[in-house]
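For the sequence shown, the residue numbers in our numbering are 126 to 320. Glycine residues also receive a C-beta, built at the ideal position from the N, C-alpha and C atoms. What you are looking at is a predicted structure, and each value in this text was computed from that prediction instead of being measured.
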Amino acid sequence: MGKEGLMAVAQLKRLAALPPVGGSPRLEQFMRSHVSRLLRTDLLAVLAELLRQDHVLLSMKIYGVVRKEIWYRPDMYFYRDMLYMLARNKKIEETRQVWADLKSEDVLFDQHTYGDIVRAFCDAGLIDLAMEFYEDMRSSPDPPLSLPFRVILKGLVPYPDLREKIKQDFLELFPDMIVYDPPDSLSDVDDEFKF
């Protein structure tokens, strides 16, 4: 990240921390005057840094700026990173917005990325969204792969009913494969290893 990008991140965080009464107009003014003139690499680096630091509000603002740039082209990785950050922060409304944008731009995820996104939302406890992404994965034109299903099944261990449904889908698609079912509790594991 260049010097301007570093300064932009610091100033954005400072302005976002101001009380809403005085902070919001100054933040918008800074977005118009400074962020809009950043070079492509700096703008993307600013977004990556805000995503890494889990600044949802600022990430969504930069996300909007990036999508309006003349050089912007829809990209699976751009959306994947946004969705990971939103899952970590349990942001449902923002997730739906990003997902709608992704769909409007006809961005397709590969099966591995779908599996990782479903798992991220399972881990965050946002099961309804995870299942929406799972259904989208199932209707994807890409041929199904076993590894994304295994990733999802591992994330669904705390949700046995949903896990059973996904497990049935997995066994229908891959009838020759075996699904490992973890023991119900750790005491079951201890019992197995008693002599």
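When the alpha-carbon of Y209 is set against those of Y239, L152, A133 and L143, the nearest one is in Y239. Residue environment analysis places P273 among the buried positions, since at least 16 neighbouring C-beta atoms fall within 10 angstroms of its C-beta. Boundaries of the alpha helix (DSSP H) around Q293: P285 to L298. Uninterrupted beta strand (DSSP E) stretches at least 3 residues long and entirely within the region 212-247 do not occur. A distance of 8 Å or more separates the beta carbons of L175 and V232.
Rounded to the nearest whole angstrom, the CA to CA distance from K128 to I277 is 40 Å. Short of 8 Å from the beta carbon of M302, and not among the five residues preceding or following it, lie these beta carbons of its own chain, in chain order: S271, F295 and L296.
In this structure, S265 lies near Q236, with their beta-carbon atoms less than 8 Å apart. Taking a 10 Å sphere around the C-beta of G189, we find fewer than 16 other C-beta atoms and assign the residue as exposed.
Boundaries for E194: no alpha helix (DSSP H) harbours it, and the DSSP string shows neither H nor E there.
In this structure the region 150-159 does not lie against the region 196-204, because fewer than three pairs of beta carbons, one per stretch, are closer than 8 Å. Around the CB of Y204, 16 or more other CB atoms lie within 10 Å, so the residue is classed as buried. The beta-carbon distance between A212 and A249, rounded to whole angstroms, is 5 Å. This is short enough to meet the 8 Å contact definition.
A Cβ-Cβ separation of about 6 Å places V181 in contact with K216 under the 8 Å criterion. If you draw a straight line from the Cα of Q222 to the Cα of F234, it comes to about 17 Å. The Cβ-Cβ distance between C247 and L298 does not fall below 8 Å.
DSSP, read as helix, strand or coil, puts G127 in coil. For K228, the closest C-alpha among the options L251, Q178, A245 and F258 is that of F258. In the three-state reduction of the DSSP assignment, V282 falls in the coil class, being assigned neither a helical nor a strand state. Assignment of I187 by DSSP, reduced to helix, strand and coil, places it in the helix class.
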